[in-house]
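Sequential numbering of the sequence shown, starting at 1, is according to the UniProt record's numbering.
Note that the Cβ used here is the ideal one computed from N, Cα and C, for glycine as well.
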Amino acid sequence: TTLLAVIALDDALCIIAYAIGSSVAEALITSLKNISLYKMLIFPTINIVGSILLGIAFGFGLIYISRFAKTRQKLLAMVLGTILLCVGTAKALGIFSILANMAMGFVIANKMRHHENMFKVINDIEDVVFVMFFTLAGAHFDLGVIKAAGMLGLLIVIGRCSGKLIGVRIGASISHAPSVVKKYLGFGLLPKAGVTVGLAILAKQHPAFSSIGNIMVSGILTSVMINELIAPPLMKYAVFKAGETFKGK
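Spelled out as structure tokens, the structure:
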């Protein structure tokens, strides 16, 4: 339970950090003379708040219309339609569609009485969605920058893993969390892919990052590949040692 909650919060904070970081990077890349507090902090804050409010609105809207779904197929159509409409609206408004959909899912999980039914219909197609997502992500990998991307990816993995493990220990100590959380939660946070890859592709499409887009995405994809080789076994180890499996119990 702690792991799932922390991962969800981690993804949300990742998007917020991206919003602020990308605005600062854009200001630094385009022109140092045009840097302003509004562009670096206030504008991304407005985008973040707008994304969350949009997601909340669509979440309550989906909860309402789902009452009229009599079959799993109709419910699935409503869910997919609402997600696409939310993404389209976010893009039209120039705000973050990923954060908006995350807020929508949060509303559904906490305000819908039988929300598990809605997530079950999504489980029926999630494998296809994952395959499509990572196939499209792999198409952005540039072999021409593989040497630089490999070094960048390795540094990302080292920095990220160190930050997760050290951060969990510091956070657990401050909050006086159980020792099992302090020892093993960090390993559970090591796997990464979805949000990281999505934000990397989003950044590449930004005109301000055209000069560094290829090496940035390739470096992040390289880090994901390295990370997915070492992180799952460590996460499995942490889950077993924490006694969060039937075998552990």
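message: Just to confirm the assignment: which complete alpha helix (DSSP H) runs, minimum length 4, are found wholly within the stretch 117-145?
response: 126-138
- prompt: Near Ala-137, which residues of its chain fall below 6 Å by C-beta distance, leaving aside the five closest residues on each side in sequence?
  reply: Val-197
query: Which two residues bound the contiguous alpha helix (DSSP H) that contains Thr-71?
result: Counting along the chain, Thr-71 falls outside any alpha helix (DSSP H), and DSSP gives it neither H nor E.
- prompt: Taking one C-beta from the stretch 179-187 and one from the stretch 103-118 each time, how about it: are there three or more such pairs within less than 8 Å?
  reply: no
query: Quick one, which of Ser-51, Leu-53, Leu-75 and Ile-52 has its alpha-carbon nearest Leu-62's?
result: Leu-75
message: For Gly-50, which residues in the same chain have their Cβ closer than 7 Å to its Cβ, ignoring the five residues on either side in sequence?
response: Leu-93 and Ile-95
query: Within 10 angstroms of its Cβ, does Ile-98 collect 16 or more other Cβ (buried), or is it exposed?
result: buried
- prompt: What span of residues does the alpha helix (DSSP H) with Leu-185 cover, start to end?
  reply: 179-188
- request: Please report how far the alpha carbon of Gly-243 lies from the alpha carbon of Cys-14, in whole angstroms.
  value: Separation of Gly-243 and Cys-14 (C-alpha to C-alpha, rounded to the nearest whole angstrom) is 28 Å.
message: Suppose contacts are defined by Cβ-Cβ distances below 8 Å. Is Met-104 in contact with Gly-59 by that definition?
response: yes
field: Cut-off 6 Å between Cβ atoms - residues of its own chain near Ala-100, not counting five sequence neighbours on either side
entry: Ser-51, Leu-54, Gly-55, Cys-86 and Ala-90
field: Delimiting residues of the alpha helix (DSSP H) encompassing Ala-200
entry: 194-204
- prompt: If you count every other CB in all the chains shown that lies within 10 Å of the CB of Thr-222, and 16 or more means buried, which is it?
  reply: buried
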